[in-house]
Amino acid sequence: MRLTVPHMGLLSTAYTRVLRQYGVDMQPPPAATVRTLNLGVKHSPEFACLPFKINLGNMMEALDNGADAILMPGGYGPCRFGYYGIIQEQILRELGYQFRMSTTDNPDRLSDMIDTIRDISRIKNRSDGYRVFFLILMRMAALDRATALYHYYKPREIDRGETDAVLKEAVRVIDRADSYAKLFRTMPSVKKMFRSVPIDKGFRPVTVGILGEIFVVIEPFANLEIEKKLGEMRVEVRRGVWLSDWLNDRFRFRPFRRNQTAYAKKLARGYLNYPAGGESIETVGKTLLFQKKGVDGVLHIMPFTCMPELVASTIINRISRDRGYPVLSMTFDEHVSEANIITRLEAFSDLLERRRNGSISRH
């Protein structure tokens with residue numbers, strides 16, 4: 048069995064090497080490109096959102112490259128994500144592909160995730176399944192930590208592009224850490240790599256909190272590398288949605304880390320008292336948190352037609368009016384122009400800079 052899983056940020060880096068050690072012939076798709084998106088758009092329903100189309104294109108490219116099995120999370124809830132795997136399987140079979148499709152019936156249940164891992168690998172002992180799964184989760188947390196360091200150093204770097212090179216090397220170093228002991232030894236060296244980047248220590252960049260639908264937030268191809276673009280504009284990103292936090296809220300592999308979903312729900316009270324699916328409650332709650340913490344503004348990104356984030360967008364626009372807090376919402380689909388995104392980001396960062404300097408009223 049040659050197994051593939053659609054890309055989602057650095058997730059494939061977290062699991063590929065570990066699962067290969069246990070007999071899984073992992074075949075990650077090529078990094079998403081315009082060709083990937085075009086394949087997905089051509090064969091997807093018109094109403095499907097951008098993550099669906101990129102996922103489908105990923106699957107087609109991986110199957111064309113020799114993969115013969117697909118693992119896709121499933122589930123239930125008001126977001127259409129839970130139905131992706133079922134619809135994508137039907138589309139691929141109608142196109143003539145022969146493959147095995149595996150979905151996790153309930154991705155929020157640890158036992159289901161362990162059963163899925165045991166089903167696709169040589170792992171037969173349940174305790175070994177837990178150990179392997181938690182190693183994957185810890186590797187994901189390390190990759191997120193490296194990305195957060197990138198967000199801090201990128202706008203302050205003196206030599207343009209150096210932080211990007213350090214992040215690539217940090218990802219390679221973490222990828223080679225295929226045991227708990229190696230991983231724990233790796234993180235100090237990753238921090239040292241970033242500290243070696245020459246920065247302007249006196250520079251105080253504008254800060255922007257990024258919130259929204261999790262796939263579009265963490266997959267660079269889906270958001271046209273928006274975090275890198277902001278860093279190049281000397282804007283510091285404060286991401287409000289992390290894949291390791293999303294996983295930790297469900298599986299508690301970092302038990303002393305605050306449950307981010309529950310925290311956001313508490314913060315959102317009065318504006319959104321019940322989750323509307325997806326990351327809607329995090330979008331609302333953490334918009335309020337970012338304002339409280341002095342982050343200069345919020346960038347809200349989502350796929351076109353995403354119902355949960357449309358609900359959140361309406362509410363955070365009300366927060367913006369009520370509190371005089373800058374919020375910019377952007378929707379992404381296959382028609383989005385990179386030039387348009389850059390223009391809007393430049394205008395928003397300029398607004399925040401002028402607002403900070405007092406040349407624009409805060410009310």
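Add 47 to a position in the sequence shown, counting from 1, and you land on the number used in the working numbering.
Ideal placement from N, C-alpha and C gives every residue a C-beta, glycine not left out.
For residue i: DSSP bridge partner residues
i, result
"T254", "E283"
"L50", "M73 and A116"
"L414", "Shown here, the chain extends from 48 to 410; a query on residue 414 therefore has no answer."
"S149", "L118"
Residue i, DSSP secondary structure in three states
i, result
"R203", "helix"
"Y131", "helix"
"E381", "coil"
"T63", "helix"
"F94", "coil"
"L411", "The structure shown does not extend to residue 411, since the chain spans only 48 to 410, so no value can be given for it."
"A78", "coil"
"G56", "coil"
"G87", "helix"
"G104", "helix"
"S469", "The question about residue 469 has no answer, for the chain in this structure spans 48 to 410."
"N404", "coil"
Minimum C-alpha distance to residue i - residue among the options
i, options, result
"G344", "F300, S396 and S243", "S396"
"G56", "S327, P76 and N404", "P76"
"G129", "I183, G325, K339 and N364", "G325"
"V331", "A315, M160 and R169", "A315"
"I134", "P92, T334 and K215", "P92"
"P355", "R127, A212 and Y197", "R127"
"R223", "N404, A61, L103 and A394", "A61"
"T163", "I117, L58 and S59", "I117"
"L294", "R156, G208 and K100", "R156"
"P98", "H54, A195 and V253", "H54"
"E400", "M349, M185 and V255", "V255"
"L375", "E385, R169, P202 and L392", "L392"
"R370", "M185, I328, S168 and Y318", "Y318"
"R49", "D211, D115, G104 and I363", "D115"
"I389", "S406, L277 and K313", "L277"
"T352", "R305, E260, A386 and F298", "E260"
"V284", "F303, H347 and F300", "H347"
"L271", "V383, Q145 and P202", "V383"
"S327", "R301, I363, A189 and F303", "I363"
"A386", "L214, I273, G132 and N404", "I273"
"L184", "T63, Q338 and A323", "T63"
"E136", "N112, S158, N102 and I161", "N102"
"T80", "K100, H90, F300 and V52", "K100"
"F231", "R286, D296, A188 and L139", "A188"
"Y199", "A323, R299 and P252", "P252"
Considering only residues of the region 280-368, which uninterrupted beta strand (DSSP E) runs meet the minimum length of 3 residues and lie entirely inside it, listed in chain order?
-> Within the region 280-368, the complete beta strand (DSSP E) runs of at least 3 residues are 282-286 and 344-350.
Touching by the beta-carbon criterion (3+ pairs, under 8 Å), the region 107-117 and the region 74-87 = yes
Can you list the beta strand (DSSP E) stretches of 3 or more residues lying completely in the region 222-280, in chain order?
-> For the beta strand (DSSP E) assignment, the uninterrupted runs of no fewer than 3 residues enclosed by the region 222-280 are, from N- to C-terminal side, 253-259.
Take every Cβ of the region 160-175, pair it with every Cβ of the region 209-221, and state whether three or more of those distances are shorter than 8 Å.
-> no
At least three beta-carbon pairs within less than 8 Å, the region 64-75 to the region 352-361 = no
Between the region 376-383 and the region 282-294, do three or more beta carbon pairs fall short of 8 Å?
-> no
For the region 234-242 against the region 299-314, are there 3 or more C-beta pairs whose distance is under 8 Å?
-> no
Within the region 155-220, ranges of the alpha helix (DSSP H) (whole runs, at least 4 residues) | Along the length of the region 155-220, whole alpha helix (DSSP H) runs at least 4 residues long occupy 157-167 and 173-200, reported in chain order.
The region 261-279 touching the region 231-238, judged by at least three CB pairs closer than 8 Å = no
How do the region 134-152 and the region 176-192 stand: do at least 3 beta-carbon pairs fall below 8 Å, yes or no?
-> no
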